[in-house]
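Top to bottom, those sequences are chains B and V.
Numbered by the numbering used here, the letters in the first sequence go through residues 288 to 710 in order.
Numbered by the numbering used here, the letters in the second sequence go through residues 33 to 874 in order.
Every residue gets a Cβ at the ideal spot worked out from N, C-alpha and C, and that includes glycine.
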Amino acid sequence: MRRKRTRLFSILALALSAAVLLASCGGQKSGDSHLTLTVLGKRSDLGKTYMTRIFERYETATGNEVKIIDPEDSEYEAEAVRLFQEGKGPDVFMHFHNADLNRFDVAADFRYLNDQAWVDDLTDSARAYCTDSDGNLLGLPFWESSVSGCYYNKTLLDSLGLKAAATQAEFDTLCQALAEIGYTPICWPADGCSWMAQFGLDPIFADDPSTLEKLNDHEIAYADIPAVTDLIQWIADAAGRGWFGDRYLNTGWSDISSTLASGKAVMTFIWDTWFYTDLEEGGKYTVDDFALMPAFLNTAEGGTYEGGNLNMMMVNRNGAQVEAALDFLAFCAQPENYNAAFAGIPTVSCFKGQTTNIQSQMVTDAAASIAAKERVSTAATRIEGYSGDDVAAALNSMFRGETDVKGCVKMMDDSRLSRTENG
Amino acid sequence: MKKRPVKLVAAALICAAAAAVAVIGTVYFRFISQRIYEDSTGHLQEIYGQVNRAFGAFVERNWGLLRDWEDCLARGEDGEAAAFLEEERDYWGFSKFYLLAGDGSCMTLDGDRGTMALEGVREDLARGGRVMAGETQPDGQEVTVFAAPASPGNYRGFAYEAVAVSYTNADLVDSLKVDAFSGKARCFIIGSDGKVLLSTQTGGNVFADYLAYLRAASDLDGAELAALQSDWERGASGLLQCRIGGENCCILYQPVGYQGYILLSAVPQSAVSAGFLSVQHTTIYGLAAIFLLVGTVVVTLLILRSRSQFRRSRTELEYRELMFDVLSNNVDDIFLMLDKERERAEYVSPNIERLLGVPVEEARREIRVMEKCAVDYDVVIPKSELDAIPLGGNMYRECEYMHQTTGERRWYRMTVYRMSIRQVEKFIVVLSDRTLERQMNQKLQEALDAARSANEAKSNFLSNMSHDIRTPMNAIVGFAVLLEKDADRPDRVREHARKITASSRHLLSLINDVLDMSKIESGKTSLNVERFSLPELMEELNIILLPQARAREQSFTVRVEGTPPEYLMGDKLRLNQILINLLSNAIKYTPEGGNIQFLVEELPQSAPQYAKLRFTVRDDGIGMSEEYQKQIFVPFSREINSVTNKIQGTGLGMAITKNLVDLMGGVIQVESAPGQGSTFTVELSFALPEQDAAGEEPRAGAAPGADAGDVMRGRLFLVAEDNELNAEILTELLDMEGARCEVAADGRQALELFQHSEPGHYDMIFMDVQMPVMNGYEAARAIRACDHPEAKTIPIVAMTANTFAEDVKSALDAGMDGHLAKPIDMAAVRETVGRLLGRGEQ
């Protein structure tokens, strides 16, 4: 469902981009006071509904024109780097939060935004995603977001006389209690679900940035971090105790929906918007039956949530229209504009004044817990050479008995270092 | 066969015993299990009764403490009360002390204000009841609150109507935990509706509603669950069993005694009975071990016994087999045992290799290899024929085998027995060697045939001899009678005397041939090899046979082809005899006017010191039938037809000829057909003399044409002859020749007469051989050895009936100079005297 919808958005974006380009080529008026603002981003990102809405709204309101530069996703980064290096960077550059900017000279290329008026309207979580390690706000978060954690079938759990866990120990107890009576506690398909272990890595590196630094500086490896081994050991034990069911090695992404909707599995590690885009309709259980608790992967006693990944709009410090770009960001940050853009879009709010988006009841109910235990996505975005697929491959090798916990950690390290060395 | 029922009975008894043990064991263990269950659940109830009582005491103590502390609050200053309660908290272990207002608000002694839900029990508290309730604190911590109404008061400005203490659930559950049941017991404090207040669940409580849990996770049905809920609502105790998650569990519940709370323990049955089960299992394992040990000992003993018997049987079997192998190796009988179904040899006696040349292992692998040894494939018995042998029966046949390597043939009597050994049918084949018996029988048969043949030959011989002797004897006797009758008629007397003489000569030749034949056949004939002249031999033959041929008006031609050697080494006398026999027969069986050819030719000879000659005698006479040609060399065989019946013969000539040719290493062949004549060829090899004596004059002999009467006339002979009649005949015959003689009765007298005679007194000595006192040989040697001047020179000639060549040789060896056979042939006497005395005179 999510992929289909993404594809639909991509096609729509392409059409809109083409229309904008045609308009800009044909409708440019010489000597007119209106300007043309260039925005560079991935084609699939710029095609999102809320993006097209805000562009249209901006053009309508200002009479300015937004010129979309949307290379194919695969060519996006190389094209962006080339343009910035040649001094031809766009006015506004859309980038996936604050990670992986090492190919740019951040300080030289982009204008810090701490001084902007809209900063205080940002939610803490959203602001964290857009701030570098020195506290500089790099961009305006403007994206659909979600909260990742352990989503569980509350209806089913209630019927079983059980309740959600508040600690790792309770979670383990819950899993064991479920397994004892024939339920699959956690839906963990081995194929294509690389993010699950990632949730467990977040606390390790988010709670102790020095560990992340040492890892990226190659001073230490995963194997030197006991918590990483604890994480993998817990996953191995969970699989061995039957907490993933007996078919987890032969299931993948597409099986999560049916497994949860049927009630065969009680919990899974996923994000809230998934329930609106992918949960099978017509199943025994719907989104209303689910609730959210922290993800427990033996790396945080109280569990953890992973905050939503966000795209942010950055301003080219060296662009010809820096002020116009700042104005564009300010336009986007106005409540009436972002509420118009995100109206009806299921997402976690990035702005405190955001009201028209659809925020899931699951997230709302767990707001206090989320506020206390949410961590930014650290592993996937900050660990150099990290690949969810590599981690999944190492885990699968362990699941199949080809290696043990130690070997799995080594595989993770080897693949990470390999990717680092290969750029 | 009688053992089978015994075995069946034994097996049945063993099965029955095993079944009885199993039944008794099952009943016993069921009984034990029931007792164990009863004891263990009793144990469970006792333990949790104590836990419940302890928890009740704990609750009761809190009520009491709250009452005391309320008084303290009412009487003391706020600060003093706070300090006191701080000490009490440290002592009793509660987490917080609360002051409760009627609106649900609360305050701690530290002045922290908040609310306390006291869900479901607030009204009870308002009504003056003491309550116990669960609360979740803002930090998420779950606590249990004990609250009791109090006299309205004020603490730090907070008006309260009740007081309460809270304990963290984590602390409280320690009082509910028991060490028994291997840590597998779960204990809960639940409301009468099943809602969980406290749980001893390791790691934290995840149970919210135990009734719902049982509904979802256990095998209890609706009625059972309703009854359970009813019990809880009524505050009743109970114990039930159910399955949760595939495991049997004991659910024990009993009221705490406050607000309908229930103390519920859920323990896996395996844990409840673990201790007892351990005893039970130990008992089971112990008994099983005893049974196993006993069984092992019994089985071991049986196996050892069986092995011992097996070893004994095997040793005995090996001994028997070894003995049988040794036995069979020392006999010429072959033994086989074949499996009827598999058609393969299970036993092959090792002597098969010695007797038939078939390796034992090869025969054991494939018994059909023996078929290769069969001389006649009829000995291979078809399977159908084998199958036809009745069980216990046998069949036999004679067969002949050939040794695979030496080709030696052996005869066997094959006997096949069909037997059953332990229900498995076998063929036991005994090849009994009959070779010696067969060979003996053959020899006996041959001997019998030979004896029959000899007997037949003897009969034939006697018959022939009777006929052939009687025929000339008839003439001699008849003409002797006529001679007497016609004594006065000289012409008739001469005619009768001539016929008597002819018949006598025939009779004599018959006797000579018979004796000669007998000598040859007895193997006593030896050749007297000496140098002789072939031309001379040819001339002598011509002289002898030409007159006979002429007498029958036959042409007799002698031809020599090639250049045969003049002198040869051989027995001239026997060669002469062979050729005369052949030529005489040719003349005899060729009608008058026929042609006789005698051809001598030299054949190629590889060795230079030898000469090979072929003598061919061809005639155009009456010839012979093919049947007769096959037995022409058989003694006394004569073809019977109208012609031969008129021809006189002994039937021994060709047999003697054949034997002489064989004796000389030659070959004789005959080609003939009735009416078309016959051709005899004799091929003989002769050694050549070392020095060719060509040109040497032949030794002096009787000069052909010499006047015999002159030789004999006036001679004086010393005659040693023991037979007076013979002496008289010789005296008369010599007298007829104009000679005289002096007769000695034995050899000694002859010796003495000679020794005492004057030199020149005797011209020659005729010495009989077989004489009394001193035989002729001894006398001759004595004469040669005596000191008479003529001892070495006087001619001594044997005159004896011992006429064989050996006799001639013996005479010469004894120092005699010649040999004359009896009856006395005066022509031969004249020729010998002429040769000996003529030579001496020359």
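Taking 6 angstroms as the limit between beta carbons, can you name the residues of its chain near residue i, skipping five residues before and five after?
i: P496/B; result: none
i: S198/V; result: S127, K128, V175 and V177
i: A113/V; result: C104 and L105
i: A734/V; result: Low local confidence applies: a pLDDT of 40 at A734/V is under 50, so the model's placement there is unreliable, with the coordinate-based value given in what follows. Correct list, in chain order: E863, G866 and R867.
i: T763/V; result: C773
i: E703/V; result: T711
Roughly how many angstroms lie between the CA atoms of residue i and residue j, to the nearest whole one?
i: G590/B; j: L319/V; result: 54 angstroms
i: F391/B; j: G376/B; result: 11 angstroms
i: A86/V; j: Y285/V; result: 15 angstroms
i: A510/B; j: E661/B; result: 25 angstroms
i: L488/B; j: G479/B; result: 18 angstroms
i: A452/B; j: A202/V; result: 15 angstroms
i: G215/V; j: Q341/V; result: 59 angstroms
i: A582/B; j: W558/B; result: 11 angstroms
i: E193/V; j: A133/V; result: 5 angstroms
i: L370/V; j: V407/V; result: 22 angstroms
i: L368/V; j: E403/V; result: 14 angstroms
i: A348/B; j: A628/B; result: 14 angstroms
i: R731/V; j: L559/V; result: Unreliable positioning characterises R731/V in this predicted model, as indicated by a pLDDT of 41, which lies under 50. A coordinate reading is not provided.
i: D520/V; j: K824/V; result: 50 angstroms
Could you tell me if residue i is buried or exposed, where buried requires 16 or more neighbouring beta carbons within 10 angstroms of its beta carbon?
i: V696/B; result: buried
i: D724/V; result: Because D724/V carries a pLDDT of 49, less than 50, the predicted location of this residue cannot be relied on, and the following value inherits that uncertainty. Classification of D724/V: exposed, given that the 10 Å Cβ count is below 16.
i: R346/V; result: exposed
i: F486/B; result: buried
i: V41/V; result: exposed
i: G166/V; result: buried
i: L616/B; result: buried
i: P170/V; result: exposed
i: D523/V; result: exposed
i: S361/B; result: exposed
i: M799/V; result: buried
i: F511/V; result: buried
i: M699/B; result: buried
i: A395/B; result: exposed
Cβ closer than 9 angstroms: which chain V residues qualify as neighbours of residue i?
i: G469/B; result: A249, G277 and G278
Pop quiz: residue i and residue j are said to be a contact at Cβ under 8 angstroms. What is the actual Cβ separation, rounded to whole angstroms?
i: G267/V; j: G292/V; result: 6 angstroms
i: Y439/B; j: A578/B; result: 6 angstroms
i: I222/V; j: L296/V; result: 5 angstroms
i: A413/B; j: P428/B; result: 4 angstroms
i: D364/V; j: D465/V; result: 4 angstroms
i: A830/V; j: L852/V; result: 7 angstroms
i: S360/V; j: P382/V; result: 6 angstroms
i: K692/V; j: D795/V; result: Lys is not the amino acid found at residue 692/V; the sequence shown has Leu there. Actually they do not touch by this definition, with Cβ atoms about 36 angstroms apart.
i: H528/V; j: L540/V; result: Contact flag wrong, Cβ pair sits at about 18 angstroms.
Under 8 angstroms between beta-carbons, which chain V residues line up against residue i? List them in chain order, please.
i: L536/B; result: By Cβ distance, chain V contributes nothing, its closest Cβ being about 23 angstroms from L536/B, past 8 angstroms.
Starting from residue i, find everything on chain V with Cβ-Cβ shorter than 7 angstroms and list it in chain order.
i: D459/B; result: G235
Using a Cβ cut-off of 9 angstroms, pull out every chain B residue sitting near residue i, in sequence order please.
i: Y245/V; result: L447, G448, L449, A464 and I468
i: Y242/V; result: G448
Closer than 7 angstroms by C-beta to residue i: which residues in its own chain qualify, once you throw out the five before and the five after it? Chain order, please.
i: A667/B; result: Q485, Y673 and G675
i: V353/B; result: V307, L324, V326, F342, Y345 and E346
i: P804/V; result: D754 and D778
What residues in its chain sit with their C-beta under 8 angstroms from that of residue i, if we drop five residues either side in the sequence?
i: R188/V; result: D110, M139 and G143
What in chain B is Cβ-close to residue i, meaning under 7 angstroms?
i: V238/V; result: L449, K450, A452, E457, T460, L461 and A464
i: G172/V; result: A453
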